[in-house]
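Colleague: If you're matching positions, the sequence shown starts at 1 in UniProt numbering and goes up one per residue. Using N, Cα and C, we set each Cβ at its ideal position, and we do this for glycine too. Here you go, one structure.
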Amino acid sequence: MLDKALGDLTGFRVLDLGCGSGEYVAELLARGAEVTAIDVSEPMVELVQQRFGARDDLHCYGQDISLGLPQERDDHYDLVLSSLMVHYIADQHALFAECARGLKPGARLLFSTHSPVADAELSPSGNYYAREAICDTWHTVGEPVEVVFYRRSLSEQIGALTDNGFVITALEEGTATERLRQRNAEVYKRLTTQPNFLFVMARSRS
Numbered sequence: 001m002l003d004k005a006l007g008d009l010t011g012f013r014v015l016d017l018g019c020g021s022g023e024y025v026a027e028l029l030a031r032g033a034e035v036t037a038i039d040v041s042e043p044m045v046e047l048v049q050q051r052f053g054a055r056d057d058l059h060c061y062g063q064d065i066s067l068g069l070p071q072e073r074d075d076h077y078d079l080v081l082s083s084l085m086v087h088y089i090a091d092q093h094a095l096f097a098e099c100a101r102g103l104k105p106g107a108r109l110l111f112s113t114h115s116p117v118a119d120a121e122l123s124p125s126g127n128y129y130a131r132e133a134i135c136d137t138w139h140t141v142g143e144p145v146e147v148v149f150y151r152r153s154l155s156e157q158i159g160a161l162t163d164n165g166f167v168i169t170a171l172e173e174g175t176a177t178e179r180l181r182q183r184n185a186e187v188y189k190r191l192t193t194q195p196n197f198l199f200v201m202a203r204s205r206s
C-alpha cells in the first residue's frame, strides 16, 4: 500500500519518520519530493547521508521521535510517511499529535505497523486490550541490538489517530505480490494466509 499510495510527489515536502537505511528516501526523491528523513539510530542517519550525499532536496538527522519533533515547523509538510516504526513508540497519541502539528491542513499521514492480531499472540498477559512492551532484536548495522516495541489493540491505535483530528481514508492488512511468490514461496504463503502488518492512510484536519 505504501508504494502504490505515494503517486507523483513533485513539489511535495515529505517527512520520513524512522527512515532506516533510506529505502523510502530513494523512492520519495525519485518521485520528486523534498525529503526530511529522521531516525533514532545515528548509524542509520550516517548511512543515509553517505548513500545520497549532500543535496538540496534531502535533510537527514537523528532524533528520538518518542520525545517529539522539536526541530519541525507547524503546518509544513504535505505528507508524513513512516514504515514499520510507530510500534516502537509507547505513546502513539503524542506521536500523532506531532504529526498533525507538522502537516498542512488536509495533508496525508501514511504508515505501516505490526498487525495487532499477530502481535496479540506475543502478549505476556493474554490481554489483547493491554498495551505491552515486547523485546525485539535488530540485525541491521554492526552488532545485534535489543529494542522494545509495543503491542496494542486496534482500537487504541485508531483512537490515537482520531483523537488528533485525523480521518482514516484507507486501512489494509497488506497483499503479497507475485514477485514475492517467485522469490520466496514460503514467505508469500505466510503473508497471504496470516495477518502480519497494518497499513493506514489518514488525512489531517482541514
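1. If you run the structure through DSSP and keep just helix, strand and coil, what is Pro-105?
2. To the nearest angstrom, how far is the alpha carbon of Ile-134 from that of Asn-127?
3. Which of helix, strand or coil does DSSP assign to Asp-57?
4. Going by Cα to Cα distance, which pick from Asp-74, Gly-159, Ser-115 is closest to His-93?
5. Alpha carbon to alpha carbon, what distance is there between Leu-191 and Asp-8?
6. From this set, Tyr-24, Cys-19, Tyr-150, Glu-34, which residue's C-alpha is nearest Asn-42's C-alpha?
7. Using only CA atoms, which one of Phe-111, Arg-152, Asp-78, Leu-6 lies nearest to Ala-30?
8. Which word fits Pro-70, buried or exposed, when buried means at least 16 other C-beta atoms lie within 10 angstroms of its C-beta?
Modeller: Considering the structure as presented:
1. strand
2. 14 Å
3. coil
4. Gly-159
5. 28 Å
6. Looking at the sequence itself, residue 42 is Glu, so the reference to Asn does not match. Per the Cα distances, Cys-19.
7. Leu-6
8. exposed
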